[in-house]
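All remarks here apply to the structure that follows.
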Amino acid sequence: MVKRASIEFVEESSPVRGLVTKFGGQPTWLSAPQWPLSRETGEPMRFIAQVALDRDLFGDIPGRMAYLFITDNDEEHIDRTWEPDGGENALIIQPGEALVPVDALAEGPTLYRMVARPGRKLLVKEPCEFSVGLSLSDDPEFVAEEEHWQRDDEANHKYSDSLTGNKIGGTPGFLQGDEFPGEEFRQLLVQLDSTCVPFSINFGDAGIGYAFLATDGRSGKFLFQSCC
0 MVKRASIEFV EESSPVRGLV TKFGGQPTWL SAPQWPLSRE TGEPMRFIAQ
50 VALDRDLFGD IPGRMAYLFI TDNDEEHIDR TWEPDGGENA LIIQPGEALV
100 PVDALAEGPT LYRMVARPGR KLLVKEPCEF SVGLSLSDDP EFVAEEEHWQ
150 RDDEANHKYS DSLTGNKIGG TPGFLQGDEF PGEEFRQLLV QLDSTCVPFS
200 INFGDAGIGY AFLATDGRSG KFLFQSCC
């Protein structure tokens, strides 16, 4: 079995400080700021979350904090945000090694939700911030896609259903087939279901995002899969 922590989002009315897991707001950097930049535009990516790397979930690794970002441009569509090496998303580990260009920005674009405002016909962006409640449980060990063909439907449905939800750690519940971003990136850090979060995030059509830690615990990669 693989340990997981299911996520409950808790909305906050004031900034969340400290080296804790949270979504939105501004990152609390463990060391010098490393804000990742879009490969296409050169502009800062949007901050999504920071995750404390709990030893109980991830073992004795050098990384202590992880910071997740994705390109989200108001002016134009940016392609390749789903790809782990597309240059339009980033998982920064501190202490660790940044795999994308970064700038020493302490603050930048952050998470938002779309809300109605009096006198406005269209929804508008509103920054938001969430702390988390975590519930520990276990996921089954990963079963490769080709092994599914050798199991009956009941076993497959039970396995897939057990992997759903927003979580830290655990086993990835891939939406569109197995897609680890490399043999050295197989430890799930975060799984985010865009249909079950209280903020706006573009993972395509009902997409799910997957962040992975490297085996040395010093870097990470992110990708998302969608229904089409």
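Here numbering that gives the first Met the number 0 is used: the first residue of the sequence shown is 0, the next is one more, and so on. Virtual Cβ for every residue (Gly too), placed ideally from N, Cα, C.
Simplified DSSP state of residue i, which is helix, strand or coil
i: Arg299; result: Residue 299 lies beyond the stretch modelled for the chain, which goes from 0 to 227, so this question has no answer here.
i: Ala154; result: helix
i: Gly184; result: What sits at residue 184 in the sequence shown is Phe, not Gly. Here Phe184 sits in strand by DSSP.
i: Leu18; result: coil
i: Ser37; result: coil
i: Glu10; result: strand
i: Glu145; result: helix
i: Arg45; result: strand
i: Ser193; result: helix
i: Phe129; result: strand
i: Leu67; result: strand
i: Ser134; result: strand
i: Asp102; result: strand
i: Leu56; result: helix
i: Ser199; result: strand
Candidates the options: closest to residue i by CA position
i: Ile167; options: Leu52, Trp34, Met44; result: Leu52
i: Gly132; options: Val1, Ile6, Lys2, Met0; result: Ile6
i: Phe68; options: Thr40, Gly23, Leu135, Ala115; result: Gly23
i: Ser130; options: Arg3, Arg16, Gly206; result: Arg16
i: Lys21; options: Ser30, Phe223, Glu10; result: Glu10
i: Pro197; options: Cys127, Ala205, Leu162, Asp215; result: Cys127
i: Leu90; options: Lys2, Cys227, Phe184; result: Phe184
i: Glu42; options: Asp59, Gln33, Ala31, Thr70; result: Thr70
i: Cys227; options: Leu174, Tyr158, Thr194; result: Leu174
i: Pro35; options: Glu106, Ser12, Ala205, His156; result: Glu106
i: Leu18; options: Ser199, Ile92, Ser12, Lys2; result: Ile92
i: Ala103; options: Gln33, Val189, Ala4, Ser12; result: Gln33
i: Leu212; options: Glu39, Ser13, Gly58, Trp28; result: Gly58
i: Leu162; options: Asp151, Gln149, Asp192; result: Asp192
i: Asn165; options: Ser134, Trp148, Tyr158, Asp151; result: Ser134
i: Ser12; options: Val101, Met64, Ala65, Glu125; result: Glu125
i: Ala210; options: His147, Asp152, Trp81, Phe8; result: Trp81
i: Tyr229; options: Leu56, Val123, Arg150; result: Outside the displayed range of the chain (0 to 227) lies residue 229, so it cannot be described from this structure.
i: Ala65; options: Asp160, Asn72, Asp151, Trp28; result: Trp28
Classification of residue i by the beta-carbon crowding that lies within 10 angstroms, buried from 16 upward
i: Gln186; result: buried
i: Pro26; result: buried
i: Glu87; result: buried
i: Met0; result: exposed
i: Ser136; result: exposed
i: Val114; result: exposed
i: Arg45; result: buried
i: Thr194; result: exposed
i: Ser30; result: exposed
i: Pro83; result: buried
i: Ser37; result: buried
i: Leu121; result: exposed
i: Val189; result: buried
i: Pro108; result: buried
Cβ distance (whole Å) where residue i is taken to contact residue j below 8 Å
i: Ile200; j: Ile47; result: 7 Å
Validate contact between the stretch 168-178 and the stretch 123-141 using beta carbons, cut 8 Å, 3 pairs: yes
Contact the stretch 45-65 vs the stretch 173-181: 3+ CB pairs below 8 Å: no
Touch test, the stretch 92-103 against the stretch 202-217, Cβ-Cβ under 8 Å, three pairs minimum: yes
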